[in-house]
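Residue numbers (numbering that gives the first Met the number 0): 0 to 600.
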Amino acid sequence: MFLPTTSAELRKLKWDKLDIILVTGDAYIDSPYIGVAVIGRILSHAGYRVGIIAQPDIHSDHDICRLGEPVLFWGITGGCMDSMVANYTATKKKRLADDLTAGGENNRRPDRAVVVYANLIRQYFKNTKPLVLGGVEASLRRVVHYDYWSDAIRRSILFDARADILVYGMAEKAILELAQKLTRGEDTKNIRGTCYIDSTPVPGYIELPSYEKVVADKKAFIQMFDTFYRNNDPLTARGLFQQHGSRYLIHNPPQPHLTVEELDQIYALAFTRDVHPYYSVQGKVKAMDTIKFSLTAHRGCYGECNFCSIGLHEGRTVISRSEQSIINEARQIAARPDFRGYILDVGGSTANMYGIDCPRKKSRGACADKRCLYPQVCVSLKPDHNRQLNLLASLRKIKGVKKVFVASGIRYDLLEADKKHCAGYVQELVCHHISGQLKVAPEHTVSSVLKIMGKPQAQSLINFQQLFEKIDHGYEPQSKLRGTIPTAARDCSTKQFPRTSLRKLQFYNKASGRQQFLTYYFIAAHPGCTEEDMHTLKSFATRELKINPQQVQIFTPLPSTYSSLMYWTEVDPATGRKIFVEKNTAKKQRQKDIVVGRASK
Numbered sequence: 000m001f002l003p004t005t006s007a008e009l010r011k012l013k014w015d016k017l018d019i020i021l022v023t024g025d026a027y028i029d030s031p032y033i034g035v036a037v038i039g040r041i042l043s044h045a046g047y048r049v050g051i052i053a054q055p056d057i058h059s060d061h062d063i064c065r066l067g068e069p070v071l072f073w074g075i076t077g078g079c080m081d082s083m084v085a086n087y088t089a090t091k092k093k094r095l096a097d098d099l100t101a102g103g104e105n106n107r108r109p110d111r112a113v114v115v116y117a118n119l120i121r122q123y124f125k126n127t128k129p130l131v132l133g134g135v136e137a138s139l140r141r142v143v144h145y146d147y148w149s150d151a152i153r154r155s156i157l158f159d160a161r162a163d164i165l166v167y168g169m170a171e172k173a174i175l176e177l178a179q180k181l182t183r184g185e186d187t188k189n190i191r192g193t194c195y196i197d198s199t200p201v202p203g204y205i206e207l208p209s210y211e212k213v214v215a216d217k218k219a220f221i222q223m224f225d226t227f228y229r230n231n232d233p234l235t236a237r238g239l240f241q242q243h244g245s246r247y248l249i250h251n252p253p254q255p256h257l258t259v260e261e262l263d264q265i266y267a268l269a270f271t272r273d274v275h276p277y278y279s280v281q282g283k284v285k286a287m288d289t290i291k292f293s294l295t296a297h298r299g300c301y302g303e304c305n306f307c308s309i310g311l312h313e314g315r316t317v318i319s320r321s322e323q324s325i326i327n328e329a330r331q332i333a334a335r336p337d338f339r340g341y342i343l344d345v346g347g348s349t350a351n352m353y354g355i356d357c358p359r360k361k362s363r364g365a366c367a368d369k370r371c372l373y374p375q376v377c378v379s380l381k382p383d384h385n386r387q388l389n390l391l392a393s394l395r396k397i398k399g400v401k402k403v404f405v406a407s408g409i410r411y412d413l414l415e416a417d418k419k420h421c422a423g424y425v426q427e428l429v430c431h432h433i434s435g436q437l438k439v440a441p442e443h444t445v446s447s448v449l450k451i452m453g454k455p456q457a458q459s460l461i462n463f464q465q466l467f468e469k470i471d472h473g474y475e476p477q478s479k480l481r482g483t484i485p486t487a488a489r490d491c492s493t494k495q496f497p498r499t500s501l502r503k504l505q506f507y508n509k510a511s512g513r514q515q516f517l518t519y520y521f522i523a524a525h526p527g528c529t530e531e532d533m534h535t536l537k538s539f540a541t542r543e544l545k546i547n548p549q550q551v552q553i554f555t556p557l558p559s560t561y562s563s564l565m566y567w568t569e570v571d572p573a574t575g576r577k578i579f580v581e582k583n584t585a586k587k588q589r590q591k592d593i594v595v596g597r598a599s600k
């Protein structure tokens, strides 16, 4: 059963009022992959009456007023993506398609959706209940930040939206605590994982450089962001405050990480794993093709790539679900009448971080002087892929499951550090869990650019590529594979075939009999990257990887990332040195074209 989104549903439930109304920039998809659905289910499970308004018409009261006014608060999110990222390409062209909108046309999500929805509510509900911001758009814009689309420093989104509270990160604990305190009429200012505006700072909190100072001084912005970033681990973070004019943004320390049991409980909630009928009649929601029959195995990321927002939003500590929880969810999926036997993904931000823990990080928090994977895998992490291997084997045995895919990318440097299971893990993926391609994201191959990105050096990629080649796929030169697939190839046996150029190989696994290959993802025009670097990347890809890269994206400066900071300041914060940053749109496109082979000489 869906959470209500229409007045007719309220009447059917015999509810005169809702406790909480959630407003989102996506179509209403009731799935554990969708943040607003997760928050809605958690609050509903706790006994609150929750409704969802998805993609309201911002030019009338038709949608925003249809559920009335909540008793406790409004929850506002731009959706699963920052609305500016969802609406515009890296070259600031309007995106025509939206996979999270019914019908697929990008015409329902406003720019700066969180701010627009907050203003929409205040337009029709004067002096209403608290406005609570959440989701990735609010989370990444909770302090002063660089905004690529206006090419300017912007205030905390709390000020622009004129909202009351912001819950950041994944927010399950914070939102439930907030609802409980509002129900009891208690003060909400001390809830961890939240931000609010006040006339005075909190004693003992760290002061960030003010909005006005950051706008005027790029060095102040670097100092501000570094302090902000280092205070996002639940075990080590202190509270922060930042002046905006005559008022202060108060940033409470993060909520504790979810326990395994708490994470399991979330995924055991009664999600319908479908689009609400009110929205599905408007057309197909393309995102369902991917998420409907996929499984989230874990949250968080050890990578901390400088261009990525996952670590700041989901956390830099990986929390893995129990095997039994994932198996139970897979059985529920397999029992659905529309399931055709294929689980499309078992993963997370990075597939092979499942079940890998750092005891030190869990007990003492994130290290202040180093990262888990950069410049090399930390000795304290001790990667072990055995748990994921066992999980995948168990999922394959579930009745009704024909194939279990691992579509999420993998970190080859993390895999390489697991000497015991490295080859076996790749063999298992090749034989059972890829449909033809295995995704890896080196992002670049030039040492200086990789350092600025916070990515492993190219030798690690070469090592993985050689391992993938050596894994026995059962292959012969392409000219000999015109008809029947060799028996050894079908069985993924240990028989060795003659070696030949990778360009001429077709790799087969026993489950699918399909061609196997690596798919590489690269980034163009990242801070520190020049056209010469892209020529070097192109040469490396041709010489070492034997490919003509096609999966190349132009760098987008996401709010509250180190790469965004570098884009604005043109300084590497790790060294304090000035770096080259390509800001000309045509030249950014040229960097991409150099690699994909479309650039004129």
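All residues carry an ideal CB built from backbone N, CA and C; glycine is no exception.
Since this is a predicted model, take the numbers as computed values, not measurements.
{"query": "Looking at C-beta atoms only, is the number of pairs between the stretch 547-558 and the stretch 80-93 that lie closer than 8 Å three or more?", "result": "yes"}
{"query": "Following the continuous alpha helix (DSSP H) through Thr182, name the residue where it begins and the one where it ends.", "result": "171-183"}
{"query": "Pull up the CB-CB distance for Phe467 and Leu517, whole angstroms please, since I reckon it's below 8 Å.", "result": "6 Å"}
{"query": "Looking at Leu564 and Phe270, is the spacing between their C-beta atoms short of 8 Å?", "result": "no"}
{"query": "Candidates Thr574, Val570, Arg542, Glu530: which alpha carbon is nearest Lys587's?", "result": "Glu530"}
{"query": "Considering Ile196, what are the terminal residues of the beta strand (DSSP E) in which it resides?", "result": "193-197"}
{"query": "By Cβ distance below 8 Å, which residues in the same chain neighbour Arg94 in space, the five residues on each side in sequence not counted?", "result": "Ala85, Asn86, Tyr87, Thr88, Asn105"}
{"query": "Using DSSP with H/G/I as helix, E/B as strand and the rest coil, what is Gly50?", "result": "strand"}
{"query": "Which same chain residues end up closer than 7 Å to Ile19 when comparing Cβ atoms and leaving out the 5 residues on each side of it in sequence?", "result": "Leu42, Tyr47, Val49, Pro69, Leu71, Phe72, Gly74, Ala178"}
{"query": "Would Pro3 be called buried (16 or more neighbouring beta carbons within 10 Å of its own) or exposed?", "result": "buried"}
{"query": "With DSSP as the reference, identify every bridge partner of Trp73, one or two as the case may be.", "result": "Ile20, Leu130"}
{"query": "Please go through the same chain and pick out, in chain order, the residues whose beta-carbon is closer than 8 Å to the beta-carbon of Leu388, but skip the five residues on each side of it.", "result": "His420, Gly423, Tyr424, Glu427"}
{"query": "Tell me the residue span of the beta strand (DSSP E) that contains His250.", "result": "246-250"}
{"query": "Within the chosen definition, does the stretch 440-447 reach the stretch 360-379 through at least 3 CB pairs nearer than 8 Å?", "result": "no"}
{"query": "State yes or no: is the C-beta of Phe240 within less than 8 Å of the C-beta of Tyr204?", "result": "yes"}
{"query": "What does the alpha-carbon distance come out to for the pair Tyr167 and Thr76?", "result": "11 Å"}
{"query": "When the Cα atoms are used, what is the spatial distance from Ala7 to Ser279?", "result": "17 Å"}
{"query": "Taking 6 Å as the limit between beta carbons, can you name the residues of its chain near Pro200, skipping five residues before and five after?", "result": "Phe240, Tyr247"}
{"query": "Straight-line CA distance for Thr127 to Pro253?", "result": "27 Å"}
{"query": "For Ser500, which residues in the same chain have their Cβ closer than 8 Å to its Cβ, ignoring the five residues on either side in sequence?", "result": "Bear in mind that the predicted position of Ser500 carries a pLDDT of just 30, short of 50, making it unreliable; the figure below should be weighed with that in mind. So the qualifying residues of the chain are Lys545."}
{"query": "For Phe220, does the three-state DSSP call read helix, strand or coil?", "result": "helix"}
{"query": "Which residues share a DSSP beta bridge with Glu442?", "result": "Phe521"}
{"query": "Check whether the stretch 446-453 touches the stretch 385-403, counting contact only when three or more Cβ pairs, one atom from each stretch, lie closer than 8 Å.", "result": "no"}
{"query": "Could you check the C-alpha separation between Thr483 and Arg410 for me, to the nearest Å?", "result": "No answer about Thr483 holds up, because its pLDDT of 30 lies below 50 and its placement is not dependable."}
{"query": "Note the first and the last residue of the continuous alpha helix (DSSP H) segment covering Thr568.", "result": "561-568"}
{"query": "Quick check on Gln550: does DSSP put it in helix, strand or coil?", "result": "coil"}
{"query": "To the nearest angstrom, how far is the alpha carbon of Arg481 from that of Lys369?", "result": "Confidence is the limiting factor: at Arg481 the pLDDT is only 30, short of 50, which leaves the residue's position unreliable, though a coordinate-based value still follows. C-alpha separation (whole angstroms): 52 Å."}
{"query": "What is the DSSP secondary structure of Gln458, reduced to helix, strand or coil?", "result": "helix"}
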